[in-house]
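Structure first, then comments.
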Amino acid sequence: MLALKMRRLPATLLWIAVAALGAAGFAVLALSRGESISAAWILCAGVASYVIAYRFYARFLALKVFALDDRRATPAERLGNDRDFVPTNKWVLYGHHFSAIAGAGPLIGPMLAAQFGFLPGTLWLIAGVVAGGAVQDFTILVLSMRRDGKSLGQMAKEEINSVAGVAAMVAILAIMIILLAVLALVVVNALRSSPWGLFIIASTIPIALLMGWWMRSVRPGHVLEASAIGMALLMAALVAGQWVSRDPTWSRWFTWSGTGLSWAIIVYGFLASVLPVWLLLAPRGYLSTFLKIGTVLVLAVAIMLVLPQTKMPAISQFVDGTGPVFAGKVFPFAFITIACGAISGFHALIASGTTPKMLMRESEARLIGYGGMLMESFVGLMAVIAAATLEPGVYFAMNVPAGTLGPTPVTAAHAIAQWGFVLHPGQMEALAKAMGEATLLSRTGGAPSLAVGMASILSGVVHGSGLALWYHFAIMFEALFILTTVDAGTRVGRFMLQELGGYLWKPFGRTSWYPSIVISSALIVAGWGYFLYQGVVDPLGGINSLWPLFGIANQLLAAVALCVGTTILIKMEKQRYAWVTLVPLVWLAAATLTAGWQKVFAADPRLGFLSHARTVVPTMPNAARLIFNDRLDAALALSFMAVVVLVIAASAREWWLVLSNRKAPVVNEAPFVESAYAIGD
Amino acid sequence: MRSAIRLLRGAARVVRQIVGAPDYERYLEHQAQHHPGCSPLTPREYYAEFVTRRFGGAGPTRCC
Numbered sequence: 001m002l003a004l005k006m007r008r009l010p011a012t013l014l015w016i017a018v019a020a021l022g023a024a025g026f027a028v029l030a031l032s033r034g035e036s037i038s039a040a041w042i043l044c045a046g047v048a049s050y051v052i053a054y055r056f057y058a059r060f061l062a063l064k065v066f067a068l069d070d071r072r073a074t075p076a077e078r079l080g081n082d083r084d085f086v087p088t089n090k091w092v093l094y095g096h097h098f099s100a101i102a103g104a105g106p107l108i109g110p111m112l113a114a115q116f117g118f119l120p121g122t123l124w125l126i127a128g129v130v131a132g133g134a135v136q137d138f139t140i141l142v143l144s145m146r147r148d149g150k151s152l153g154q155m156a157k158e159e160i161n162s163v164a165g166v167a168a169m170v171a172i173l174a175i176m177i178i179l180l181a182v183l184a185l186v187v188v189n190a191l192r193s194s195p196w197g198l199f200i201i202a203s204t205i206p207i208a209l210l211m212g213w214w215m216r217s218v219r220p221g222h223v224l225e226a227s228a229i230g231m232a233l234l235m236a237a238l239v240a241g242q243w244v245s246r247d248p249t250w251s252r253w254f255t256w257s258g259t260g261l262s263w264a265i266i267v268y269g270f271l272a273s274v275l276p277v278w279l280l281l282a283p284r285g286y287l288s289t290f291l292k293i294g295t296v297l298v299l300a301v302a303i304m305l306v307l308p309q310t311k312m313p314a315i316s317q318f319v320d321g322t323g324p325v326f327a328g329k330v331f332p333f334a335f336i337t338i339a340c341g342a343i344s345g346f347h348a349l350i351a352s353g354t355t356p357k358m359l360m361r362e363s364e365a366r367l368i369g370y371g372g373m374l375m376e377s378f379v380g381l382m383a384v385i386a387a388a389t390l391e392p393g394v395y396f397a398m399n400v401p402a403g404t405l406g407p408t409p410v411t412a413a414h415a416i417a418q419w420g421f422v423l424h425p426g427q428m429e430a431l432a433k434a435m436g437e438a439t440l441l442s443r444t445g446g447a448p449s450l451a452v453g454m455a456s457i458l459s460g461v462v463h464g465s466g467l468a469l470w471y472h473f474a475i476m477f478e479a480l481f482i483l484t485t486v487d488a489g490t491r492v493g494r495f496m497l498q499e500l501g502g503y504l505w506k507p508f509g510r511t512s513w514y515p516s517i518v519i520s521s522a523l524i525v526a527g528w529g530y531f532l533y534q535g536v537v538d539p540l541g542g543i544n545s546l547w548p549l550f551g552i553a554n555q556l557l558a559a560v561a562l563c564v565g566t567t568i569l570i571k572m573e574k575q576r577y578a579w580v581t582l583v584p585l586v587w588l589a590a591a592t593l594t595a596g597w598q599k600v601f602a603a604d605p606r607l608g609f610l611s612h613a614r615t616v617v618p619t620m621p622n623a624a625r626l627i628f629n630d631r632l633d634a635a636l637a638l639s640f641m642a643v644v645v646l647v648i649a650a651s652a653r654e655w656w657l658v659l660s661n662r663k664a665p666v667v668n669e670a671p672f673v674e675s676a677y678a679i680g681d
Numbered sequence: 682m683r684s685a686i687r688l689l690r691g692a693a694r695v696v697r698q699i700v701g702a703p704d705y706e707r708y709l710e711h712q713a714q715h716h717p718g719c720s721p722l723t724p725r726e727y728y729a730e731f732v733t734r735r736f737g738g739a740g741p742t743r744c745c
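Line by line, the protein sequences give chains A and B.
Just so we're aligned: 664 in the working numbering is position 664 of the first sequence, and the numbers increase by one with no gaps anywhere.
Quick note, the working numbering runs 681 ahead of the 1-based positions in the second sequence.
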């Protein structure tokens, strides 16, 4: 007994040390008000929480709640086919899963939410992931793995009822449209009047075409080789962009307005959806995956080397809802603005898509599902750090729309002084010059300010040199993988629409029938393109209405996923552990419904869509369009809320039926088959 | 020298799996092991089939 205790002693001491480190991080975050702290404390609090949650809570989930069993063969082992069902090494699958779930979301959300100060975002990212997001991803991954990799919609249909299944499908399509619109808006705002940035992004198209041709015809299947060539050309374009921005003729060609850029993205999305995948989609997908993993690693190392000091306040006065970046109080809007990184419903699609078909052993779902989401939260923390190290004056000058700041640096400095922050006139011009941009005033959407934060951290490693190059590297990194989401998402939306349309008229459902491809692609592009265009011409900046809608839609999908999880837990007769998914569900439903209600009905015209519509005077230009858009946004938010309520009600009915013994607790798991991988473990 | 090349090949295999790139050699191994009677696809055919499945399928392949 004593010997056993002695053997455990080093481990126990180690965990006490980790806990102490985390507690120290939280203590510094809690006690410092007004003074600058080192980003190291944010990292300490976050990383210590992650490893403790992974070691203890995820282990509890794996052993007690899901009772993962390595003797039970996974779908990859039973159905192995060298196509989608491939048993994959857990670390390889971790990288694969992470690069599928992490995109621009965890970077942009925390940047926008920094108007509340860096503390609310930090705490929500850490608490949300540990108790919510990672639990959701892990749960859906395990449930899908036990069902031969079934999708979320199929599970909702089979385990709750067909109404919930249809609701899930509609929710997925709706979130896709809003997601694509808001991400495209972020790119438009980042590239607007930026010849350097636009030149790099435009040159990715010929680079992708070259890679596509190489991989198909010159050296079939040599993806790594083609990606290396593509990456080298991309870096050349990054450097050449500076020359483009300085040459008067070239820079005029690559200086586009917001509306021009949004049309270009719309046309691009359409082409990417109808052209063969090997030509554009596949090479861009590989290029952005390499860039994403590489940049995340480099940024993590740079933050640890530089350990920047915070300049933003921990909590700003805008928690009261008067924030100029977007309207709304810290509750519920911090929890809607930061979706990806804390809890993201979209992940339920990946966790019930390719990943469950690749798991080699049941127990590895813990690392992939729970651990993968922890890593995304860490990316979110890096965005918080990039935001926190900006001067508050600079942060607001970049992220507040021109309608509030006014057109010139002097009006901007005046507006910012009224909020109690300092911005020297001339400071923004100097910054823009250092970053190689014409102006950085009102560059809303989060991407440009993230790029400034990243540039100052990354250039800090090399003693501050090459700011403009780092800035455009960061813009390239964000824009490239946002555009990858735009083209892949348009294609996915097209397939879903074809499937839905196939119920009405059979030929439409044939995914390779050209007229159906063109019509459904055009409809999807028109859907997100409409919101994108309205966002670009919106006098309030577009982000103010679109980002909350995106957050609500994403959290709605998470609520659907948690409903499915809770239902299955109850049917597995694990009801005493149902709180695992029920607690995040309650929190999410409260935040999402409150936010949705306020976005529709709030009396403040900056917040409520309907009250904003009432402030539009008929003599204003485009008055009819503004009113129509407000009502459309309100209808959208209301229908999102209706879907959440519907799914929760359908699930609650099912829980009651099972718990009151009116219905037998039947789960639709695939049968147990002995695994060959468990031997020797 | 030979072990260095083997290490590099192993690393390339891991990277391919992480980014979801096709691995023709692994495909040949799978065919030889499980479908010894069939004649395998050429590299070009295999790649065409692979990208259509990976990027052309209905399921979402990446998140926001």
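Glycine is no exception: its CB is placed at the ideal position from the N, C-alpha and C atoms.
Identify every residue that forms a DSSP beta bridge with A/T594.
-> Answer by DSSP bridge pairing: none, since A/T594 is not bridged.
Enclosing alpha helix (DSSP H) for A/G197 [first to last residue] | Going by DSSP, A/G197 is part of the alpha helix (DSSP H) stretching over P195 to W213.
So what does DSSP say about A/G147, is it helix, strand or coil?
-> The sequence shown places Arg at residue 147 of chain A, not Gly. A/R147 falls in the coil class under three-state DSSP.
Where the alpha helix (DSSP H) through A/L607 begins and ends = Per DSSP, A/L607 belongs to no alpha helix (DSSP H) and is neither H nor E.
Could you tell me the distance, in whole angstroms, from the CA atom of A/R334 to the CA atom of A/A30?
-> First, the amino acid is wrong: residue 334 of chain A is Ala here, not Arg. Straight-line measurement puts the Cα of A/A30 at about 18 Å from the Cα of A/A334.
Please list, in chain order, all residues of the same chain as A/A53 whose beta carbon is under 6 Å from its beta carbon, the five residues on each side excluded.
-> Residues of the same chain with a CB within less than 6 Å of the CB of A/A53, apart from the 5 flanking positions on each side, are V130 in chain order.
Got a sec? Which residues, its chain only, sit under 7 Å from A/D681 by beta carbon, not counting five neighbours each side?
-> Any reading at A/D681 must be qualified, since the residue scores a pLDDT of 45, below 50, and its modelled position is unreliable; no value is offered.
Which bits of chain A does B/P717 rub up against, with CB to CB less than 9 Å?
-> Under the 9 Å cutoff, chain A gives no residues; its nearest Cβ is about 14 Å from B/P717.
The alpha helix (DSSP H) with A/H96 in it runs from where to where?
-> Its alpha helix (DSSP H) spans residues K90 to I101.
Residue-chain proximity (A/T289, chain B), Cβ-Cβ < 7 Å | At least one chain B Cβ lies under 7 Å of A/T289.
Would you kindly work out how many angstroms separate the C-alpha atoms of A/E654 and A/T354, rounded to a whole number?
-> Roughly 28 Å between the two C-alpha positions.
Decide if A/F290 is buried, meaning its Cβ has at least 16 other Cβ atoms within 10 Å, or exposed.
-> Burial check for A/F290: the Cβ neighbour count within 10 Å reaches 16 or more, so the residue is buried.
Segment limits, alpha helix (DSSP H) that includes A/S227 | Segment V223 to R246, the alpha helix (DSSP H) holding A/S227.
Among A/T204, A/I200 and A/L275, which has the Cα closest to the Cα of A/Q242?
-> If we check each option's Cα against that of A/Q242, A/I200 comes out closest.
Quick one, which of A/F531, A/D84, A/L632 and A/L93 has its alpha-carbon nearest B/E730's?
-> Residue A/D84 is the option with its Cα nearest to B/E730.
Which residues in the same chain as A/I178 place their Cβ atom closer than 6 Å to its Cβ, once the five residues preceding and following it in sequence are excluded?
-> Cβ within range, chain order: L549, F550 and A553.
Integer Cβ distance of A/F672 from A/R72, believed to fall under 8 Å | Approximately 5 Å separates the beta-carbon atoms of A/F672 and A/R72; this is inside 8 Å, confirming the contact.
Would you list, in chain order, the members of the region 209-231 of chain A that have their beta-carbon closer than 7 Å to a beta-carbon of chain B?
-> Residues of the region 209-231 of chain A with a C-beta atom less than 7 Å from some C-beta of chain B are M215, R216, P220, G221, V223 and L224, listed in chain order.
Enclosing alpha helix (DSSP H) for A/K329 [first to last residue] = According to the DSSP assignment, A/K329 belongs to no alpha helix (DSSP H), since it is labelled neither H nor E.
In or out: A/R443 buried (at least 16 other Cβ within 10 Å) or exposed?
-> Buried.
Quick one, which residues of the region 75-86 of chain A are near chain B if we go by CB-CB under 7 Å, in chain order?
-> Taking 7 Å as the Cβ-Cβ cut-off against chain B, the residues of the region 75-86 of chain A that qualify are D82 and R83.
Taking the alpha carbon of A/M358 as the point to measure from, which residue in A/M312, A/V644 and A/G149 has its own alpha carbon closest?
-> A/M358 has its Cα closest to that of A/G149, out of A/M312, A/V644 and A/G149.
Are three or more beta carbon pairs between the region 424-443 of chain A and the region 181-196 of chain A nearer than 8 Å?
-> Three or more Cβ pairs drawn from the region 424-443 of chain A and the region 181-196 of chain A lie within less than 8 Å of each other, which places the two stretches in contact.
The region 488-496 of chain A touching the region 164-180 of chain A, judged by at least three CB pairs closer than 8 Å | With the rule of 3 Cβ pairs closer than 8 Å, the region 488-496 of chain A counts as touching the region 164-180 of chain A.
Residue-level contact to chain B via CB, A/G95, 7 Å cutoff = It does: the Cβ of A/G95 has a partner Cβ on chain B nearer than 7 Å.
Contacts around A/Y503, its chain only, beta-carbon distance under 8 Å, and the 5 residues preceding and following it disregarded = G509.
For A/R284, three-class secondary structure by DSSP = Note: A/R284 maps to helix in three-state DSSP.
Using 8 Å as the Cβ pair cut-off and three pairs as the minimum, do the region 471-488 of chain A and the region 274-293 of chain A touch?
-> Flag = yes, the region 471-488 of chain A and the region 274-293 of chain A touch.
Closer than 7 Å, Cβ to Cβ, to anything on chain B: give me those residues from the region 274-289 of chain A, in chain order.
-> Within the region 274-289 of chain A, the residues whose Cβ lies closer than 7 Å to some Cβ of chain B are V277, W278, L281, A282, G285, Y286 and T289, listed in chain order.
Burial state of A/V325, where buried means 16 or more other Cβ atoms lie within 10 Å | Its Cβ being crowded by 16 or more others within 10 Å, A/V325 is buried.
Looking only at C-alpha atoms, which of A/A468, A/N622, A/I543 and A/K571 sits nearest to A/V239?
-> Selected option, being the one with the closest Cα: A/A468.
The region 690-705 of chain B: positions lying closer than 8 Å to chain A by Cβ = Against chain A - using a Cβ distance shorter than 8 Å - the residues of the region 690-705 of chain B are A693, V695, V696, R697, Q698, I699, V700, G701, A702, P703 and Y705.
On the premise that A/F26 lies in contact with A/I711, defined as a C-beta separation below 8 Å, what is that separation, rounded to the nearest angstrom?
-> Because chain A is modelled from 1 through 681, residue 711 of chain A falls outside the range shown and cannot be assessed.
Alpha-carbon spacing of A/Q498 relative to A/V277, whole angstroms = Using only the alpha carbons, I get a separation of about 17 Å.
So, does the CB of A/V170 fall closer than 7 Å to a CB anywhere in chain B?
-> No, A/V170 does not count as interfacial toward chain B.
Quick one: which unbroken beta strand (DSSP E) runs of 3-plus residues sit fully inside the region 536-577 of chain A? Chain order, please.
-> For the region 536-577 of chain A, not a single whole beta strand (DSSP E) run of length 3 or above is found.
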